[in-house]
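Position 39 of the sequence shown, counted from 1, bears residue number 1147 in this note's numbering, the numbering being contiguous throughout. Glycine residues also receive a C-beta, built at the ideal position from the N, C-alpha and C atoms.
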Amino acid sequence: MTPTGYFLDHLWLIPLFPLATAALMLFFGRRLPKIGVSMLCVGSVGLSFIYAVGAVLQLLATEPEHR
């Protein structure tokens, strides 16, 4: 049995957030103000961090024999 939970089921989003933001910056980075670019880039890494911490906490909350 594999552990389930929202964050564990959506681990694929952790690298997707920064990759999607990098793609946005490639196409629209020069058109956006510097503060907008900074907020998007830092925000995507922060969101990935939140998802990673959530996944670790869900994994630690499962029973050891089901990890």
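Within a 10 Å sphere around the beta-carbon of residue 1152 sit 16 or more other beta-carbons, which makes this residue buried. The Cβ atoms of residue 1163 and residue 1124 do not sit closer than 9 Å to each other. Counting other Cβ atoms within 10 Å of its Cβ, residue 1129 reaches 16 or more and is therefore classed as buried.
Per the coordinates, the alpha-carbon of residue 1112 lies some 37 Å from the alpha-carbon of residue 1143. When DSSP states are grouped into helix, strand and coil, residue 1126 belongs to the helix group. In the three-state scheme derived from DSSP, where H, G and I count as helix and E and B as strand, residue 1171 is classed as coil.
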